[in-house]
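Engineer:
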Amino acid sequence: MTFFIVVLRGLLRRPVRTGLTLVGISIGIGAVVALVGMSRGFESSWTAGMKSRGTDIVVNSMGSSLTPKPFPASVRDRITQLPGIAATSTLLVELMGIENSEMMIVSAREWGGFAWDNLKVISGRLPHDAAERAVVLGTTAAEMLHKKVGDPLQIETEELSVVGIVDGGAVVENGAVILSLSLLQEIMGTAGKINIIDVRVKPGTDETAMRRLCDEITQRIPEARAEAAGEHIRSSQGYRIINAMSWGTSLLAVLVGVLGVMNTMLMTVFERKQEISILLAIGWRRSRIVRLILWESALLGFFGGVVGVILGVVGMQVLERTPAIRGLLQPDLSPSLMALAVAIAVVVGILSGLYPAWRSSRLHPGAALQG
Amino acid sequence: MSPAAPDRSHDKKAPVFEARGLKKEYDDGQVQALRGVDFQIFGGEFVAITGPSGCGKTTLLQLLGALDQPSAGTLTYRGTSLAVMPDLAAYRAREIGFIFQAFHLLPTFTAEENVQMPMFETGRPISERRERAATLLKSVGLEHRLRHFPSKLSGGERQRVAIARSLANGPGVLLADEPTGNLDSENAHAILDLLSRLHEEQAMTLVLVTHDMTVARRASRAIQMHDGRVVFDGDPAQLPTISAI
Ligand SMILES: Nc1ncnc2c1ncn2[C@@H]1O[C@H](COP(=O)(O)OP(=O)(O)O)[C@@H](O)[C@H]1O
Ligand SMILES: [Mg+2]
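Residue numbers (the working numbering), protein chains in the order written: chain P, 1 to 371; chain Y, 1 to 245.
And the structure:
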């Protein structure tokens with residue numbers, strides 16, 4: 001028999017209570033995995049979208065909304081001559097309700113800009129020119145809108161036709177309705193307005209040069225900020241709020257789990273007073289008793305964490321399929337997040353066990369043995 | 001007994017325990033369980049402690065086993081005061097085997113696992129722990145009960161497991177607090193036989209609390225207590241029987 005078996009036996013002596021405690025903590029950990037996974041997924045999905053648009057630097061002005069604030073397209077002229085910049089491409093990206101879908105990414109791109117280059121046509125074709133009253137749909141967007149090539153598509157009050165289905169190489173690209181910039185500006189009555197400038201840098205630009213270039217661009221375009229693709233999402237206020245809310249909500253759930261573990265461990269110490277006294281009487285050190293209790297609560301945390309990760313992954317997959325989220329992001333299922341969740345659970349277990357362990361160490365070898 | 005009997009001849013002369021003016025109070029002095037007890041116990045002795053219920057026998061045994069501390073007086077073990085002993089856990093684990101009237105086995109562990117418990121503190125490898133537990137259980141006649149949980153054992157069997165556990169780390173002293181108190185006379189006899197066999201074969205020092213005169217008479221020496229004091233210390237054959245009632 002190893003010490004570990006002694007620890008396990010302690011947990012198994014009240015299987016129902018241990019199970020319920022485990023459920024309590026795993027719900028908290030599941031929330032961490034699902035909510036944080038979603039918000040991280042949001043970030044990584046947008047980053048992947050940038051990458052597949054061929055963007056190195058994104059120039060935009062992220063306010064507290066999820067889409068950037070518009071600014072005049074003409075500001076682009078201030079940076080096109082900068083050394084280090086290979087190409088620029090302007091966009092107007094909006095989240096809007098289209099037909100029966102509540103929220104779709106609508107990505108309007110400057111005709112001839114490099115943002116069109118990476119779209120792989122699955123069926124149909126790209127628009128003939130900037131003026132054609134046509135859209136292409138990412139594969140997921142087509143599925144969600146139940147559209148095929150040749151179908152009409154209503155944007156605001158305008159009826160356009162779907163001329164192609166494309167694979168954009170990233171979730172947000174595939175979830176997007178893509179059309180020419182001037183067409184969307186016309187439909188929305190925002191002529192000359194854009195909210196993103198994609199910048200492609202000259203090959204061989206290293207990180208420091210990138211950062212210097214970003215600073216230079218931001219200086220020339222005070223209306224917006226230039227950031228390396230991916231970093232801009234993280235610095236957006238909207239994303240920060242989502243991120244903070246998902247951590248806040250899930251850590252609150254974890255806190256409930258903490259109270260559950262602490263309660264269980266206190267009960268286990270109280271109902272085992274006699275046994276702990278016996279162990280002390282036959283020569284166990286207090287430190288071993290403390291270790292026993294801490295290991296039990298750590299293990300409770302660990303198992304709760306593992307179950308929680310499973311719950312969270314299942315929960316994310318359910319969420320990912322809901323119409324509100326589908327096509328907007330791909331949840332973060334990275335091992336690092338799962339390891340983090342399990343680590344949180346173990347730490348939570350140990351912290352919850354500290355007070356019960358301290359109580360156990362105050363017990364006396366003779367206390368429960370009278371008579 | 002199969003685990004090699006340790007050679008304890010060297011400490012035959014020096015007292016194993018020496019109590020001087022030993023007092024124990026409970027509840028801030030409201031209860032005086034021991035009112036000044038003096039004695040010496042030598043290696044290899046079989047001492048029976050008798051006396052009426054509430055006279056302080058259990059209290060005394062708990063002090064000897066370092067399960068509690070005296071309120072006044074000194075208690076030394078092989079010349080060292082327990083009050084200044086640096087590692088009481090090691091003392092409890094290695095020097096002393098404690099046997100309780102209520103057995104006090106851990107209910108969620110098998111007989112074999114219960115016997116292994118004290119060995120965690122003495123750094124024996126797992127295989128040795130298991131082997132030794134099996135050997136000890138065999139020596140108390142329970143080789144067929146290794147995997148049984150205490151709830152599946154009879155009272156006599158439970159006390160045998162407890163005795164095997166008390167021997168886990170090869171102590172020189174056994175402290176038994178009314179070990180037969182919860183047993184019928186047949187089982188009580190068997191347990192006493194087992195304890196005296198340990199005393200004889202392994203030259204263990206045995207301190208046994210009992211209020212049963214026939215049990216006390218099997219000892220080499222009897223200490224009778226009354227109201228927290230020693231009232232008789234000598235040959236068990238001369239025990240004043242009346243006061244024990
Ligand atoms: N933990 C305790 N708290 C208060 N009083 C106690 C405690 N333990 C024992 N006593 C009292 O001390 C006296 C001696 O008890 P004990 O040593 O158990 O006697 P015995 O074992 O001879 O029956 C009794 O009056 C008992 O009630
Ligand atoms: Mg007693």
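Built from N, CA and C at the ideal position, the CB exists for glycine as well.
1. Helix, strand or coil, according to DSSP, for residue 270 (chain P) in the structure here?
2. What is the residue span of the alpha helix (DSSP H) that residue 147 (chain P) lies within?
3. So does the segment 50–66 of chain Y actually touch the segment 32–39 of chain Y, counting three or more Cβ pairs closer than 8 Å?
4. Can you find a C-beta in chain P that's less than 8 Å from the C-beta of residue 191 (chain Y)?
5. Report the neighbours of residue 2 (chain P) on chain Y: residues whose CB is nearer than 7 Å to its CB, in chain order.
6. Return the chain-ordered ranges of every alpha helix (DSSP H) run that is complete within the segment 326–364 of chain P and spans a minimum of 4 residues.
7. Residue 58 (chain Y): beta carbon under 7 Å from a heavy atom of ligand 2?
8. Taking the C-alpha atoms as reference points, what is the distance between residue 102 (chain P) and residue 240 (chain P)?
9. Closer than 8 Å, CB to CB, is residue 275 (chain P) near chain Y or not?
10. Note the first and the last residue of the continuous alpha helix (DSSP H) segment covering residue 57 (chain Y).
11. At the 8 Å Cβ level, is residue 50 (chain Y) part of the contact set with chain P, yes or no?
12. Using a cut-off of 7 Å between C-beta atoms, extract the partners of residue 22 (chain P) located in chain Y.
13. Spatial neighbours of residue 136 (chain Y) within its chain, please: C-beta separation below 6 Å, excluding the five flanking residues on both sides.
14. Please indicate yes or no: does the CB of residue 227 (chain Y) lie closer than 7 Å to some heavy atom of ligand 2?
15. Does ligand 1 have even one heavy atom less than 7 Å from the beta-carbon of residue 290 (chain P)?
16. Any beta carbon from chain P within less than 8 Å of residue 73 (chain Y)'s own beta carbon?
17. In the DSSP assignment, find the unbroken alpha helix (DSSP H) run with residue 211 (chain Y) in it and report its ends.
18. Flag residue 212 (chain Y) as yes when its Cβ comes closer than 7 Å to any non-hydrogen atom of ligand 2, and as no otherwise.
19. According to DSSP, simplified to helix, strand and coil, what is residue 11 (chain P)?
20. Can you tell which of Y:18, Y:50, Y:79, Y:130 has its C-alpha closest to the C-alpha of residue 217 (chain Y)?
21. Please list, in chain order, the chain P residues whose beta carbon lies closer than 7 Å to that of residue 118 (chain Y).
22. Would residue 196 (chain P) and residue 60 (chain P) qualify as a contact pair, given that the criterion is a beta-carbon distance under 8 Å?
23. Indicate whether residue 246 (chain P) and residue 44 (chain P) have their beta-carbon atoms separated by less than 8 Å.
24. Indicate, with yes or no, if ligand 2 has a heavy atom lying under 7 Å from the CB of residue 177 (chain Y).
25. Between the C-alpha atoms of residue 349 (chain P) and residue 288 (chain P), what's the straight-line distance to the nearest angstrom?
26. Could you give the DSSP three-state label for residue 106 (chain P): helix, strand or coil?
27. Under the three-state reduction of DSSP, which class applies to residue 234 (chain Y): helix, strand or coil?
28. Indicate, with yes or no, if ligand 1 has a heavy atom lying under 7 Å from the CB of residue 33 (chain Y).
29. If distances are taken between C-alpha atoms only, which option among Y:102, Y:16, Y:77, Y:25 comes closest to residue 297 (chain Y)?
30. Give a single yes or no on whether residue 27 (chain Y) has its beta carbon closer than 7 Å to a heavy atom of ligand 1.
31. Beta carbon of residue 54 (chain Y): closer than 7 Å to some heavy atom of ligand 1?
32. Looking at the unbroken alpha helix (DSSP H) that takes in residue 61 (chain P), where does it start and where does it end?
33. Out of P:251, P:364, P:304, which one is the CA nearest neighbour of residue 275 (chain P)?
34. Of the choices P:157, P:214, P:126, P:208, whose alpha-carbon is the least far from that of residue 179 (chain P)?
35. Could you tell me the distance, in whole angstroms, from the CA atom of residue 37 (chain Y) to the CA atom of residue 15 (chain Y)?
36. Would residue 121 (chain Y) pass as an interface residue toward chain P - the criterion being a Cβ-Cβ separation below 8 Å?
Structural biologist: Based on what the coordinates show:
1. helix
2. First-last for residue 147 (chain P): undefined, no H or E at that position.
3. yes
4. no
5. 126
6. 335–361
7. yes
8. 23 Å
9. yes
10. 57–64
11. no
12. In chain order: nothing, as chain Y lies at least about 19 Å away.
13. 115, 164, 167
14. no
15. no
16. no
17. Unbroken run through residue 211 (chain Y): none, as it is neither H nor E.
18. no
19. helix
20. Y:50
21. 282, 283
22. yes
23. no
24. yes
25. 18 Å
26. strand
27. strand
28. yes
29. Past the edges of chain Y, shown from 1 to 245, lies residue 297 (chain Y), and the structure says nothing about it.
30. yes
31. yes
32. Neither: residue 61 (chain P) is in no alpha helix (DSSP H) and is coded neither H nor E.
33. P:364
34. P:126
35. 16 Å
36. yes
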